[in-house]
Amino acid sequence: MIKLPHPRLHQLLTQLHAEPLPQEELARRLNVSTRTVRTDVATLNELIATHGAHLIHQRGTGYQLKIYNQGLFDELLAAQEQETSLPRTSRERVLHLQLLLLTAEQGIKLEELADTWYLSRAALQGDMAEVRERLAHFGLTIDSKPRLGMRIQGEEAAIRACLTQLLYREQTRNSPLQGLLPNLCPSKTLEVIGNRIHAQLGHHQLRLADESLQQLTIYCAVALLRQAAGHELLAFSQDDLTAPLTAVARDIYGELPTLTRPGEPEVNGLAIQIQARLITDTPQLSPAMAAESTQLVEHLLDYIHQHYPYDLRHDGQLHADMLAHISAMLLRIKYQIGCHNPLADHIKQYYPLAYDITLAAISEWIKQTPYHLTHHEIGYLVIHIGVGLERHYDIGYSRPPQALLLCDAGNATFRVLEARIKREYPQLQLTSLESVRDYEGLAHIQQDFVISTSKVSDKNVPVVQVAPFPTQYQLEQLGKLVLIDRTRPYLLDKYFDDEHFMVVNEPLDQAALFAIICDQLEAEDLVEEGFRGSLQEREQIVSTMLGDGIALPHALGLLARRTLVYTVLAPQGIDWGNGETANLIFVLAIAKADYEEAMGLYDLFLALMNEKASKNLLACRDFVHFKGLARTAP
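Going by this note's numbering, 398 is the number at position 254 of the sequence shown; the sequence numbering is gapless.
See below:
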């Protein structure tokens, strides 16, 4: 029986067994390029050709799996399931190790695991560094003793929070941890628990989103599992509890298959889980939590007003929406209750302005609290603030076309022509000139093109000659120039230059790259004091990877004296953390005067987020070549 040489081939087979998919969607799901997808399809076809199936490509549908011998193909699938029961990648091993440590009743010995998984002990020791880092987010540590192995050390509430988030995350990825998840939380058990919770919530007229109900179900399953193993919550703070939800939690526990009657700490723990997930316009909060929620909403809106040209303080709808969200958010982060935002990886692409504003505002608050916000929580705040900005401000940027209108036929004729053109193309910005002699004396035209009622010479821009009462044909010719998108060339000319362009061919890490760039910008007096530290702080809060190898590092505040983009091409790649590699790096230094206009740069970077553009740009060896390709990239 064949063995698929890479886990990605197993994923590819699984995806196409479920449904036909175009190569672009496969590339997105597998997080690879379309070229890699084509290579993987060819490799997989060779491997499965003698096992009853092959992959074909149909225009309009994409790749699909054709099975011509169901028996042989079923044998292949069975063999693959058996093969994937062992963790093969570092990510899978890290997940297994966390689950084993969180649920083990005795010490875990790396030597025994290494033999079971057919790995070296050194490989597992390398994975343990990441395991310790992930567990540390929950305040958990690993105690290791000779001959006894490794054991988890920490509070019971933290162990449950970690287990719940881990199991839910893997369940949403349709990756049941190679058989571990069904053993810990059988699907039938989850179904029964979920139905009973839903019935009790309905009885008390409370609502949860489907996702929140699923998370609460997993928490209850984990709680029952821990209680059955003799690990009960012995204490739980009542500071943030409300009496009605404590009663609801007690009723839910009454419906669950518990072996013993749960104590008050267990009931209180479940009550907080419910309280942090409710859908309600009037959150049920303790007075202290209600006050903290209001303070955070006011801090965010005040910070935006003080540091940016936007005033959202009087938007009642935004204030109410944020208060409802933040009330539950504070409970979640205080009690380590997981939150999954399905748009988290896309928000920074579509709300770049709101993302930066929100991150700057919330970072000031984080410094004064012990809380840790995930990018999922930050993403929800960005959506609320982004909607508020769109409601009150035109936050998109596109450079309007500009024309020099030359008419020497008198003021009345000029007004008629101006009115006709503005009615047809209201986005066109006109600058007037009344003398052909004055026009001929100009050495350079600042506008994008010239509209003239007289025949005049071409200078550095196109000239369109029209009658004082322009014909439809003349207006259509004019429209060809008006409707050209000039935003990208304008931004490239204004914010990019060869002095701030670098090609990196030698090994370099992120810290060293930041040091080189900041040293130059500080020497040129282009950034204010604190830019270097803010650049690093911004990266620590949430990665600035935009996607497809493009990173956009920038400071939290507007700390540049002149707005510019420092372009770095790294064909070999620079490690950007979290397993991501950056090849195209655009370091943004933004001044207050250019803030809104500079946000148009994100549209340019999004346009470069495709395989062909990235590959071509990485082949550039000088700024002129780069700028030329960036102007025309699809």
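Glycine included, each C-beta is placed from N, C-alpha and C at the ideal position.
For clarity, every value in this text was computed on a predicted model and none was experimentally measured.
Express the C-alpha separation of residue j and residue i in angstroms, rounding to a whole number.
| i | j | result |
| --- | --- | --- |
| Leu703 | Glu169 | 39 Å |
| Asp500 | Phe645 | 24 Å |
| Ile589 | Lys599 | 16 Å |
| Ala751 | Phe770 | 14 Å |
| Glu672 | Tyr739 | 16 Å |
| Arg394 | Ile341 | 11 Å |
| Ile506 | Glu584 | 56 Å |
| Ser596 | Pro545 | 16 Å |
| Gln202 | Glu163 | 13 Å |
| Gly482 | Ala305 | 8 Å |
| Gly293 | Leu244 | 12 Å |
| Pro388 | Arg351 | 14 Å |
| Lys289 | Tyr454 | 57 Å |
| Asp642 | Thr707 | 15 Å |
| Pro267 | His150 | The displayed chain sequence assigns Ala, not Pro, to residue 267. Using only the alpha carbons, I get a separation of about 18 Å. |
| Arg173 | Pro406 | 43 Å |
| Leu279 | His449 | 38 Å |
| Leu400 | Arg235 | 34 Å |
| Thr424 | Ser471 | 10 Å |
| Ala432 | Val441 | 15 Å |
| His458 | Tyr447 | 14 Å |
| Ala273 | Ala737 | 45 Å |
| Val238 | Ile491 | 28 Å |
| Ala343 | Thr308 | 22 Å |
| Ala763 | Pro715 | 8 Å |
| Ile685 | Lys511 | 11 Å |
| Leu456 | Ala498 | 12 Å |
| Arg676 | Ile522 | 23 Å |
So what does residue i bridge to, in DSSP terms?
| i | result |
| --- | --- |
| Leu728 | Ile694 and Leu713 |
| Ser430 | None, per the DSSP bridge assignment. |
| Ala547 | Leu574 and Phe593 |
| Ser507 | DSSP output for Ser507 lists no bridge partner at all. |
| Tyr207 | Leu165 and His201 |
| Met689 | Ala695 |
| Ser288 | Met294 |
| Ala704 | Val671 |
| Phe645 | Thr711 |
| Ile607 | According to the sequence shown, residue 607 is Val rather than Ile. In the DSSP output, where bridge partners are listed per residue, Val607 has Val594. |
Tell me, please, whether the CB atom of residue i is closer than 8 Å to any CB atom in chain D?
| i | result |
| --- | --- |
| Ala432 | Looking at the structure shown, chain D is missing, and only one protein chain is on hand. |
What residue from the options has the CA that sits closest to residue i's CA?
| i | options | result |
| --- | --- | --- |
| Leu748 | Thr725, Ala737 and Thr776 | Thr776 |
| Leu467 | Cys306, His528 and Lys332 | His528 |
| Leu328 | Ala343, Ser356 and Val366 | Val366 |
| Pro651 | Asp719, Gly283, Ala472 and Leu188 | Asp719 |
| Val560 | Lys511, Gly346, Phe613 and Ala193 | Phe613 |
| Ile628 | Asp592, Ser576, Ala611 and Asp642 | Asp592 |
| Leu779 | Arg179, Gln680, Ala667 and Ala387 | Because the chain spans 145 through 778 in this model, residue 779 falls outside it and cannot be assessed. |
| Arg313 | Gln358, Ile296, Arg535 and Pro330 | Gln358 |
| Ile565 | Gly374, Ser331, Val648 and Leu622 | Leu622 |
| Ala302 | Leu284, Ala699, Asp766 and Arg543 | Leu284 |
| His375 | Leu360, Thr404, Val647 and Gln349 | Thr404 |
| Leu525 | Asp582, Tyr710, Gln155 and Asp465 | Asp465 |
| Gln428 | Val441, Thr386 and Gly398 | Thr386 |
| Ala587 | Arg632, Cys662 and Lys603 | Lys603 |
| Gln439 | Trp509, Arg370 and Leu148 | Trp509 |
| Tyr443 | Asn412, Ala258 and Leu503 | Position check: residue 443 holds His in this sequence, whereas Tyr was assumed. Minimum Cα distance to His443 is reached at Leu503. |
| Ile296 | Leu311, Thr308, Leu263 and Val275 | Val275 |
| His195 | Gln512, Ile211, Arg535 and Arg765 | Ile211 |
| Gly717 | Asn727, Thr711, Ser579 and Gln654 | Asn727 |
| Asp259 | Gln242, Pro231 and Cys551 | Pro231 |
Could you check if residue i is buried or exposed, using at least 16 other CB atoms within 10 Å of its CB as the buried criterion?
| i | result |
| --- | --- |
| Pro496 | buried |
| Gln616 | exposed |
| Tyr363 | buried |
| Tyr452 | buried |
| Ser758 | buried |
| Glu277 | exposed |
| His240 | buried |
| Glu255 | exposed |
| Val626 | buried |
| Ala197 | buried |
| Ser331 | exposed |
| His437 | With the sequence shown as reference, residue 437 is identified as Ser, and His is not the correct amino acid for it. Buried is the call here. |
| Leu713 | buried |
| Ala248 | exposed |
Practice item. Mind the definition here: the region 377-387 touches the region 333-349 only if three or more C-beta pairs lie below 8 Å; say whether that holds. Key: With fewer than three CB-CB distances shorter than 8 Å, the region 377-387 does not count as touching the region 333-349.
**Study point:** Three-pair Cβ contact test at 8 Å for the region 688-697 versus the region 712-732
**Key:** The region 688-697 and the region 712-732 touch, with no fewer than 3 CB-CB distances between them shorter than 8 Å.
Check your understanding: Touching or not, the region 509-528 and the region 477-489, by the rule of three or more beta carbon pairs under 8 Å?
Key -> Touching, per the Cβ criterion.
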